[in-house]
Amino acid sequence: MAAELDLVVRARRAVIGPREVPAAVGIAGERIAAVTAYDDPPAAARVVDLADDEVLLPGLVDTHVHVNEPGRTEWEGFATATRAAAAGGVTTILDMPLNSVPPTTTVEALETKRAVAEGQVSVDVGFWGGAVPGNVPDLGPLHEAGVFGFKCFLLDSGVEEFGHLEPDQLALAMKETAALGALMIVHAEDGGLLDEAALDGGRYAGFLASRPKAAEEAAIDLVIAQARATGGRAHVVHLSDADAVAALRAARTDGVDLSVETCPHYLTFDAEHVADGATELKCCPPIREAANREALWAALAAGDLDFVVSDHSPCTVDLKRRGGGDFGEAWGGIASVQLGLPAVWTGARERGHALVDVVRWMATATADRVGLAHKGRIEVGADADLVRFAPDEEFTVDVTRLHHRNPVSAYAGRRLAGVVRETWLRGVPVADGDEQSPRGRLLRRGER
Ligand SMILES: [Zn+2]
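Just so we're aligned, residue 37 is where the sequence shown starts under my numbering, counting upward by one.
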């Protein structure tokens, strides 16, 4: 006789692989041990039955989060970012290498970050390394130390300690990541095509004009060329320009190992409705027109965009409001790790997509691209990271109920559908009050 399981979660609706079905999910320790028919659950010490209005999802995997600790901990930190993640149904995050000090460009800096994060994370956390001018010799050791790949910028990153790569430096760095088999993820805007003069008093139209689609397209062409030349694996972060999709698709059709993400804010907002002075909506590349947004949705539906991640990029309220509403002056970045799921689900539902699509975009595809085959899916052997999600319950975003450090949100006051009622991390619910002994783990590439 098989030993009795610790827990079985039964749901009339569960996202299992590419389908939504009634199911019973059996958990032994931290892992999923059985997935059976709803009416034929395995024996378990405890049974949890989801309500009729709830759907069981795998925990999301958000590969684009700026935690900023240490160094800019007043912007965000591991405790607050991971609490926000858990509240949003995200059970795994990958931390970006910049905005913290030190940036994650050496093994020493990685170990500093890991030491700071240890013991204060509510979800599982992995780390990206950074590729900056002169650190090609650090990439191999960082790869060995377990980073999930490398992030680089092709224009000023906004922080002086994280330099950007010129085309010849990108070529050198990608030659190295190709040799390592590591993923190179790129902020793809060409600084030479930005038009600072367009900023024009800091209104939104000027800001948008200052960061044209052509800047994204030129940078993406460069990434494609380097991925072709080196045979390396590349990924374009936070695509805003839907017109770049054709070049990306063509390269992928040719067999270039290339993926691309977009973010909830590009799928939710549109330039026509960004009020002058509403700098909580400033991000780079910028939120573009409604027609562009719809083209991004179409690209997602067609499989031309691989996934949707938050680009959770907080700062202090002062920095977000610097310049008193001037889009040229305010810090860019939208903090949304807690709201990505309802934001994307709200838009997806309106356009006829199903929860299985949202789970593919926000959990399974992200996990697969970074080599976390045991995350982002409900299947035997996977980590028991689960979400109790009420897709039809609506709520109005109240910034005081968000867990990230600074109470500012692009979504403040917005009506969204989909409430995360409970999140399990490796078989155990993440609950309020867990702050004293958070259970998140620090992940290394290739390790379980
Ligand atoms: Zn980012």
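C-beta: ideal position from N, C-alpha, C; glycine also.
If you run the structure through DSSP and keep just helix, strand and coil, what is residue i?
i           : result
residue 84  : strand
residue 398 : helix
residue 210 : helix
residue 477 : coil
residue 290 : coil
residue 404 : helix
residue 50  : strand
residue 72  : strand
residue 445 : coil
residue 378 : helix
residue 37  : At residue 37, the pLDDT of 46 sits below 50, so the modelled position is not reliable; the number obtained from the coordinates is stated separately. Reduced to three states, the DSSP call for residue 37 is coil.
residue 370 : strand
residue 432 : strand
residue 55  : strand
residue 471 : helix
residue 297 : strand
residue 335 : helix
residue 465 : strand
residue 344 : strand
residue 250 : helix
residue 453 : strand
residue 91  : strand
residue 356 : helix
residue 393 : helix
residue 412 : coil
residue 245 : helix
residue 323 : coil
residue 439 : coil
residue 483 : coil
residue 114 : helix
In the DSSP assignment, what residue or residues form a beta bridge with residue i?
i           : result
residue 458 : 424
residue 129 : 98 and 161
residue 419 : 67
residue 187 : 166 and 221
residue 533 : Lying before the first or after the last residue shown, residue 533 is absent from the chain, which here runs from 37 to 484.
residue 60  : 46 and 72
residue 271 : 221 and 295
Just to confirm, is the Cβ distance from residue i to residue j under 9 angstroms?
i           : j           : result
residue 246 : residue 364 : yes
residue 497 : residue 169 : In the structure as shown, the chain begins at 37 and stops at 484. Residue 497 is therefore absent and cannot be evaluated.
residue 373 : residue 303 : no
residue 73  : residue 60  : yes
residue 98  : residue 121 : yes
residue 96  : residue 399 : yes
residue 341 : residue 297 : yes
residue 43  : residue 82  : yes
residue 172 : residue 147 : no
residue 343 : residue 266 : no
residue 284 : residue 195 : no
residue 323 : residue 348 : no
residue 222 : residue 188 : yes
residue 225 : residue 209 : no
residue 360 : residue 313 : yes
Closest to residue i by C-alpha separation, out of the options, would be which residue?
i           : options               : result
residue 58  : 93, 66 and 374        : 93
residue 423 : 110, 48, 125 and 88   : 125
residue 84  : 476, 471, 484 and 460 : 460
residue 248 : 279, 272 and 62       : 279
residue 128 : 222, 190, 255 and 404 : 404
residue 234 : 321, 368 and 242      : 242
residue 137 : 472, 162, 110 and 115 : 110
residue 452 : 462, 438, 467 and 430 : 430
residue 89  : 283, 46, 63 and 104   : 46
residue 289 : 266, 260 and 254      : 260
residue 64  : 204, 463, 473 and 480 : 463
residue 305 : 287, 228, 319 and 208 : 319
residue 393 : 152, 428 and 55       : 55
residue 339 : 368, 314 and 389      : 389
residue 205 : 371, 156, 442 and 258 : 258
residue 326 : 310, 337 and 316      : 310
residue 219 : 228, 268 and 352      : 268
residue 432 : 375, 475 and 442      : 375
residue 475 : 221, 350, 158 and 179 : 158
residue 182 : 118, 407, 458 and 239 : 407
residue 143 : 155, 167 and 358      : 167
residue 238 : 215, 141 and 367      : 367
residue 308 : 240, 355 and 330      : 240
residue 115 : 87, 80 and 152        : 152
residue 427 : 455, 412, 443 and 409 : 455
residue 228 : 215, 254 and 236      : 254
residue 409 : 359, 481 and 355      : 481
residue 101 : 470, 231 and 440      : 440
Given the structure, does residue i come close to ligand 3, in the sense that its CB is under 8 angstroms from one of the ligand's heavy atoms?
i           : result
residue 349 : Although ligand 3 was asked about, the structure shown includes only ligand 1 as ligands.
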